[in-house]
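Student: Residue numbers for the sequence shown follow my numbering, so the first one is 96 and each next one is one higher. Glycine included, C-beta positions come from ideal geometry on N, C-alpha and C. Because the structure is a prediction, the values reported are computed rather than measured.
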Amino acid sequence: MADLIDFVNYEDVNAGNVGLNDVFDVVGQLVTMNNYKVVEEGDTKKISVLFELQHPSGEKVRCKIWGCHADKLYNSQLEKKNKDEPQIVWLHNCRMTNWEGLQISNQLWGFTISINEPSKPIEDFKTLLATAQQQDGYEYPTIDIRLDKQVQSAYAKFTDPEIKTAYVLDEVRFMDKVCTFVVRGTVEKFAGNEGWYQHYCRVCEKKVIKSYCLEEEKNILSCTKCDRAVTDVFAKIRAIIYVQDKTGGCELALFDTHLSKITNRSVQWLNTTANNGPITSSEYPQELNQILQKQYAFIVKHSLYGEDKQYSGCTVSDLTDDAEVIKTLNQMLSDKETEYADFEDVDYGEADDNVCAQTPQSLKVQTVEVITDEPPTSNKQTPGSSGVKCKSNSPDDSEATDTPTGGTTTALGELKIPKMEKL
Ligand SMILES: [Zn+2]
Numbered sequence: 096m097a098d099l100i101d102f103v104n105y106e107d108v109n110a111g112n113v114g115l116n117d118v119f120d121v122v123g124q125l126v127t128m129n130n131y132k133v134v135e136e137g138d139t140k141k142i143s144v145l146f147e148l149q150h151p152s153g154e155k156v157r158c159k160i161w162g163c164h165a166d167k168l169y170n171s172q173l174e175k176k177n178k179d180e181p182q183i184v185w186l187h188n189c190r191m192t193n194w195e196g197l198q199i200s201n202q203l204w205g206f207t208i209s210i211n212e213p214s215k216p217i218e219d220f221k222t223l224l225a226t227a228q229q230q231d232g233y234e235y236p237t238i239d240i241r242l243d244k245q246v247q248s249a250y251a252k253f254t255d256p257e258i259k260t261a262y263v264l265d266e267v268r269f270m271d272k273v274c275t276f277v278v279r280g281t282v283e284k285f286a287g288n289e290g291w292y293q294h295y296c297r298v299c300e301k302k303v304i305k306s307y308c309l310e311e312e313k314n315i316l317s318c319t320k321c322d323r324a325v326t327d328v329f330a331k332i333r334a335i336i337y338v339q340d341k342t343g344g345c346e347l348a349l350f351d352t353h354l355s356k357i358t359n360r361s362v363q364w365l366n367t368t369a370n371n372g373p374i375t376s377s378e379y380p381q382e383l384n385q386i387l388q389k390q391y392a393f394i395v396k397h398s399l400y401g402e403d404k405q406y407s408g409c410t411v412s413d414l415t416d417d418a419e420v421i422k423t424l425n426q427m428l429s430d431k432e433t434e435y436a437d438f439e440d441v442d443y444g445e446a447d448d449n450v451c452a453q454t455p456q457s458l459k460v461q462t463v464e465v466i467t468d469e470p471p472t473s474n475k476q477t478p479g480s481s482g483v484k485c486k487s488n489s490p491d492d493s494e495a496t497d498t499p500t501g502g503t504t505t506a507l508g509e510l511k512i513p514k515m516e517k518l
């Protein structure tokens, strides 16, 4: 059992001398334990516990372990018979992790944890501790082992103001910093003119531009980075949705993982559908329509981009339609919603295309002519996309780089079609 044991030096851990790829053992006296946490999402549970081990020298190391090992440590303290017995913990095959700070963790299959179990490392440590205790000036460590259990829903990140602030959508319009927050609203329609996927150059992975070539009498794709017409391209999912609450609306960019979550279609299915056709980008698959007219809570990342950070955009980093989450957010936001809605004095009763008139930035974004896909030949619904006309690109569009953004472009300066985040 005790082969290949390589005990780490406490000072080396705290001095940052242990690399993230190093595998090591540590043994010490358990002096603090708190934050035994169970995060529940559906049937799955993520269990973790944070604790400190102390060397007889007084030096401590911070540890965080996950899963059954966390349970084992927690239960050992719960079932502890002799209250005064020092708790000696031996962690075998540890790694350093950087998770809200550096700590010792279990990131290997071979990881084991022993607490006061008969083994040479633990017996040796007990001897060391006993020797130290006999010396003058030895201070017995302060023990702070907490057995409270924190059970947290995975939905807490949507509804706990300590984790993320929730905003009404009108507030998002005036956002001028890079930040992450929660909004909730009804998905009114797909927005933007670019459809539900875009094409990227296989060589440089930049977004390609589609334009109509008069000479060849057909659409061609060109890459601004490679500076030539390209044919080797791939499609990447990115749909812009227009979300509305009582105060206003905004555009959010959704990527494949989120659309997958909503539609119960795998990311692979979405990508295959996008890449193999026969649906064009402006013809949204029926499956995606499930998102329309439904309320969701979104965790949104607001980014600034452009040379002078004059543009901004919102990208969805997580979403849920969990009824409890929506209900909680409705309560949390109701006062603010009334306040903002009164202030704006706008009738939000209608949820149709006129909605654009109430959201200046959205209107402006949509007036920017962008290159669309082929003129739709089928009668399939093309929600939110008026994309019929193919037009050569404006200088603004010609950049088509992967700048982080979603749909909304707020009025921080000259308006410009938002760019998308590189995945
Ligand atoms: Zn290229």
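DSSP three-state call for Trp204: helix, strand or coil?
Tutor: Stepping through the sequence shown from its first residue, residue 204 is reached at position 109. Coil, per DSSP.
Student: Check whether the Cβ atoms of Arg268 and Gln390 lie closer than 8 Å to each other.
Tutor: Taking the first residue of the sequence shown as position 1, residue 268 is located at position 173. Taking the first residue of the sequence shown as position 1, residue 390 is located at position 295. No. Outside cutoff.
Student: Report yes or no: do the segment 290 to 305 and the segment 412 to 430 share at least 3 C-beta pairs separated by less than 8 Å?
Tutor: no
Student: Cβ atoms of Arg157 and Gln198: under 8 Å apart, would you say?
Tutor: In the sequence shown, residue 198 corresponds to position 103, counting from 1. In the sequence shown, residue 157 corresponds to position 62, counting from 1. Contact flag set, yes.
Student: Apart from the five residues on each side of it in sequence, which residues of its chain come closer than 8 Å, Cβ to Cβ, to Leu519?
Tutor: Since the displayed the chain opens at 96 and closes at 518, residue 519 lies outside it and no answer follows.
Student: Spatial neighbours of Asp239 within its chain, please: CB distance less than 6 Å, with the 5 preceding and 5 following residues excluded, ordered by chain position.
Tutor: Residue 239 sits at position 144 when you count from the first residue of the sequence shown. If we look at Asp239 and ignore the five residues flanking it on each side, its Cβ neighbours are Thr127.
Student: Within 10 Å of its beta-carbon, does Arg323 have 16 or more other beta-carbons around it, so buried, or fewer, so exposed?
Tutor: Residue 323 sits at position 228 when you count from the first residue of the sequence shown. Arg323 comes out exposed.
Student: With DSSP run on the structure shown, which of helix, strand or coil describes Leu242?
Tutor: For the purposes of this step, residue 242 is identified with residue 147 of the sequence shown, where counting begins at 1. Three-state result, Leu242: coil.
Student: How long is the line joining the alpha carbons of Thr207 and Ser143, rounded to whole angstroms?
Tutor: Here residue 207 refers to the residue found at position 112 when the sequence shown is read from its first residue. Here residue 143 refers to the residue found at position 48 when the sequence shown is read from its first residue. Cα to Cα, Thr207 sits roughly 15 Å from Ser143.
Student: For Phe220 and Gln245, I'd like the C-alpha separation in whole angstroms.
Tutor: Along the sequence shown, read from residue 1 onward, the residue named residue 220 stands at position 125. Along the sequence shown, read from residue 1 onward, the residue named residue 245 stands at position 150. So the two alpha carbons sit approximately 31 Å from each other.
Student: Confirm the yes/no value for this check: CB of Lys320, any heavy atom of ligand 1, distance under 7 Å.
Tutor: If you number the sequence shown from 1, residue 320 lands on position 225. Indeed, a heavy atom of ligand 1 lies less than 7 Å from the Cβ.
Student: For Glu106, which residues in the same chain have their Cβ closer than 7 Å to its Cβ, ignoring the five residues on either side in sequence?
Tutor: Sequence index remark: in the sequence shown, residue 106 carries index 11 (1-based). Glu154, listed in sequence order.
Student: Within 8 Å, do at least three Cβ pairs link the segment 104 to 124 to the segment 156 to 172?
Tutor: With the rule of 3 Cβ pairs closer than 8 Å, the segment 156 to 172 counts as touching the segment 104 to 124.
Student: Between Ile343 and Asp265, what straight-line distance do the alpha-carbon atoms span, to the nearest angstrom?
Tutor: As a working mapping, residue 343 is identified with position 248 in the sequence shown. As a working mapping, residue 265 is identified with position 170 in the sequence shown. Checking the sequence, you will find Gly at residue 343 rather than Ile. Cα to Cα, the separation comes out at about 5 Å.
Student: Is Cys296 near ligand 1, going by C-beta to nearest heavy atom under 7 Å?
Tutor: Here residue 296 refers to the residue found at position 201 of the sequence shown. Checking the Cβ of Cys296 against ligand 1 gives yes.
Student: How far does the beta strand (DSSP E) with His150 in it extend, from its first residue to its last?
Tutor: Your numbering for residue 150 matches position 55 in the sequence shown. Per DSSP, His150 belongs to no beta strand (DSSP E) and is neither H nor E.
Student: Can you list, in chain order, the residues of its chain with a C-beta nearer than 6 Å to that of Tyr131? Leave out the 5 residues immediately preceding and following it.
Tutor: Position 36 of the sequence shown, counted from the start, is the residue given in the question as residue 131. So the qualifying residues of the chain are Val144, Tyr169, Lys244.
Student: Strictly by DSSP, which residues pair up with Ala251?
Tutor: For this step, residue 251 is matched to residue 156 along the sequence shown. Paired residue(s): none; Ala251 is not in a bridge.
Student: Look at the alpha carbon of Glu494 and the alpha carbon of His294, and state the distance between them as a whole number of angstroms.
Tutor: What you label residue 494 is simply residue 399 of the sequence shown in a count that begins at 1. What you label residue 294 is simply residue 199 of the sequence shown in a count that begins at 1. Because Glu494 sits at a pLDDT of 34, beneath the cut-off of 50, its placement in the model cannot be relied upon, and the following sentence gives the value as read from the coordinates. Whole-angstrom Cα-Cα distance: 14 Å.
Student: Please give the ranges of any alpha helix (DSSP H) in the segment 107 to 176, keeping only runs that are unbroken, at least 4 residues long and fully inside the region.
Tutor: 163 to 173
Student: For Arg360, does the three-state DSSP call read helix, strand or coil?
Tutor: Taking the first residue of the sequence shown as position 1, residue 360 is located at position 265. It is coil, neither helix nor strand.
Student: Where do the ends of the beta strand (DSSP E) carrying Arg297 lie?
Tutor: As a first step, residue 297 is located in the sequence shown; it is residue number 202 there, counting from the start. Counting along the chain, Arg297 falls outside any beta strand (DSSP E), and DSSP gives it neither H nor E.
Student: By alpha-carbon positions, which one of Leu428, Lys341, Glu212 ends up nearest to Glu283?
Tutor: Along the sequence shown, read from residue 1 onward, the residue named residue 283 stands at position 188. Measuring from the Cα of Glu283, the nearest candidate turns out to be Lys341.
Student: Report the CB separation of Glu174 from Ala249 in whole angstroms; it is logged as a contact under 8 Å.
Tutor: Reading the sequence shown from its first residue, position 79 is the one you call residue 174. Reading the sequence shown from its first residue, position 154 is the one you call residue 249. So it is not a contact: roughly 28 Å between Cβ atoms.
Student: If we count the other Cβ atoms within 10 Å of its Cβ and call it buried at 16 or more, is Gly290 buried or exposed?
Tutor: Taking the first residue of the sequence shown as 1, we reach residue 290 at position 195. Its Cβ being crowded by 16 or more others within 10 Å, Gly290 is buried.
Student: Quick one, which of Glu147, Ile160, His353, Thr237 has its alpha-carbon nearest Asp179's?
Tutor: In the sequence shown, residue 179 corresponds to position 84, counting from 1. For the residues Glu147, Ile160, His353, Thr237, the minimum Cα distance to Asp179 belongs to Thr237.
Student: If contact is defined by three or more beta carbon pairs under 8 Å, each pair taking one atom from either stretch, is the segment 315 to 331 in contact with the segment 353 to 365?
Tutor: Verdict: no, contact absent.
Student: So what does DSSP say about Tyr435, is it helix, strand or coil?
Tutor: As a first step, residue 435 must be located in the sequence shown, where it is residue number 340. Helix, per DSSP.
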